[in-house]
Amino acid sequence: MALALLAACAPVTPLAPTFTPTRAKVTAIPTSTPAPTATPVPSTTIPTATPIQLPSPTALPETVLLFTGDINPARCVYTIAKEMNDMAAPYRAVGELLQSADLAIGNLDASISDYNPPSPCAEFHRNLLAPSEVVLGMKWAGFDLMGAATNHIKDCGLQRGCDHESLLDTITHLRAAGIEPVGIGSNLAEASAPVIKTVNGVRFAFLAFAGVNENVFADEVTPGAAPLLPDVYVEAVRRAREQAEVVIALPHWGREFTGVISWEQTRAAQALAEAGAMLIVGNNPHHVQGVERLPNGALVAYALGNFVFDQEWSDGTLYTIQGYMLQVTFRGAQLAEYELIPIRIYDNYQPRLPPPAEAAQILQDVENSLATRPGN
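Quick note, this note's numbering runs 394 ahead of the 1-based positions in the sequence shown.
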């Protein structure tokens, strides 16, 4: 893996001296090898024609996509933002980076609705409902899309019985903020339809699929999330490929609180790639997982960890407050390079760039995760 250095905070003693970069950058397209110099041939006098000026080839435009890990704007995250009177508080330290991307894509691990009171600030409360004002912060941060096919997309907060209202409200509130939800809809056809964004003349199709909690699955008449089932996602990717040059899949999959990549993840990644997905960005484990190129050239990031989340516990380690952003650069419709940008969640649930030693440790955790992949 080719690596690029970036200064972050004050120097600290490296935790992993053999893995010191604070970012990891990989050029996906190999640099062409210069042609060998031809052997000189004796010259002869040949009449010269008037030179014809050919237009210079136009360089392919670059498009930068930036992906984040899990975002929970509910519970303690909302409570603190409300106390600060700033719904953008969680994103302030990374807002400039998010806003600099052509497209910023988050992963919403909650629902957004005013149907019921929001979830309280209590770790044991697992029903994640945020009020509609949280979209103001997401809009400020520069998010363009939110993967929403997650296990919490139908959560109802303190009270139960909101049926599908929280999911439908999430769609309404995100769109009102100019953020397109991906992977949910009023039925299966809507949930599995691609969200297409055209940037620099290239059409990017986004799909999201829920692999956790069957209760959120959409069907022909039921609102919900597109299920991570082969008969759904293979056809969805193929249809999207007919409409766009680049197909990107956002699966919510894998076991929680582990860096171990499961058989289910590897099988689904391979099937998504074979169906036509060029880029697969997963979430749900709340732990960083590895990044690799598949045999057909597709890029898969198995899990980016938490991005904005109130899980400041992790069995004596830091994994639930660490993650990375995935920055992917396309030249035209070709995936040219990608970069892993480590983050740590600090006070007020703000992700920030960590000190170099911790950044190196996060990147090493990402690398180590690949060793757990089935088949290694």
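All C-beta atoms, glycine included, are put in the ideal place defined by N, C-alpha and C.
Return the residue from the list the options that minimises the CA-CA distance to residue i.
i: C556; options: E584, V596, P511; result: P511
i: T723; options: F703, L673, L747, D704; result: L673
i: N678; options: D503, K476, S494, A487; result: D503
i: H558; options: A487, L460, N700, L523; result: L523
i: N607; options: A543, V682, A663; result: A543
i: F611; options: I578, V631, V596; result: I578
i: E629; options: D538, S580, F603; result: F603
i: Q758; options: Y713, G769, G595; result: Y713
i: P617; options: P525, A599, E584, D549; result: E584
i: A475; options: L530, I642, L454; result: L530
i: A453; options: N762, A727, D741, A754; result: A727
i: A418; options: V760, P768, G769; result: V760
i: N528; options: E574, A483, A516, L460; result: Reading off the sequence, residue 528 comes out as Val, not Asn. Residue A483 is the option with its Cα nearest to V528.
i: T457; options: T652, R597, A765; result: R597
i: P467; options: E490, M540, P455, L460; result: M540
i: P768; options: L734, A692, A753, T660; result: T660
i: L623; options: A638, P645, Q637; result: P645
i: V589; options: D625, S580, V641; result: V641
Hey, could you find the ends of the alpha helix (DSSP H) residue i is sitting in?
i: R661; result: 657-669
i: A535; result: 528-535
i: K591; result: Unbroken run through K591 is the beta strand (DSSP E), 589-593; no alpha helix (DSSP H).
i: P750; result: 750-764
i: A483; result: It is not in any alpha helix (DSSP H) - A483 carries neither H nor E in the DSSP assignment.
i: I474; result: 469-477
I'd like to confirm the pairing. Which residues does DSSP put opposite residue i in its beta bridges?
i: L459; result: L497, V722
i: E731; result: T421, T723
i: N677; result: H646
i: A612; result: DSSP, once it has assigned bridges, lists no residue as partnering A612.
Within this structure, are the beta carbons of residue i and residue j separated by less than 8 Å?
i: Y743; j: V685; result: no
i: A620; j: L582; result: yes
i: V488; j: I756; result: no
i: P493; j: G463; result: At residue 493 the sequence reads Gln, which differs from the Pro that was named. Their beta carbons are not under 8 Å apart, which means Q493 does not touch G463 by this criterion.
i: L747; j: G717; result: no
i: R469; j: P514; result: yes
i: H680; j: E658; result: no
i: L688; j: Q664; result: yes
i: D683; j: I655; result: Residue 683 is actually Gln in this sequence, not Asp. In contact: Q683 and I655 (Cβ atoms closer than 8 Å).
Just to confirm the assignment, what range does the beta strand (DSSP E) spanning residue i have?
i: L644; result: 640-646
i: E686; result: 685-687
i: R649; result: Counting along the chain, R649 falls outside any beta strand (DSSP E), and DSSP gives it neither H nor E.
i: V694; result: 693-695
Within 8 Å (strictly less), CB to CB, does residue i reach chain D?
i: Q637; result: Looking at the structure shown, chain D is missing, and only one protein chain is on hand.
Contiguous beta strand (DSSP E) assignments of at least 3 residues, all confined to the segment 550-583: Listed in chain order, they are 574-576.
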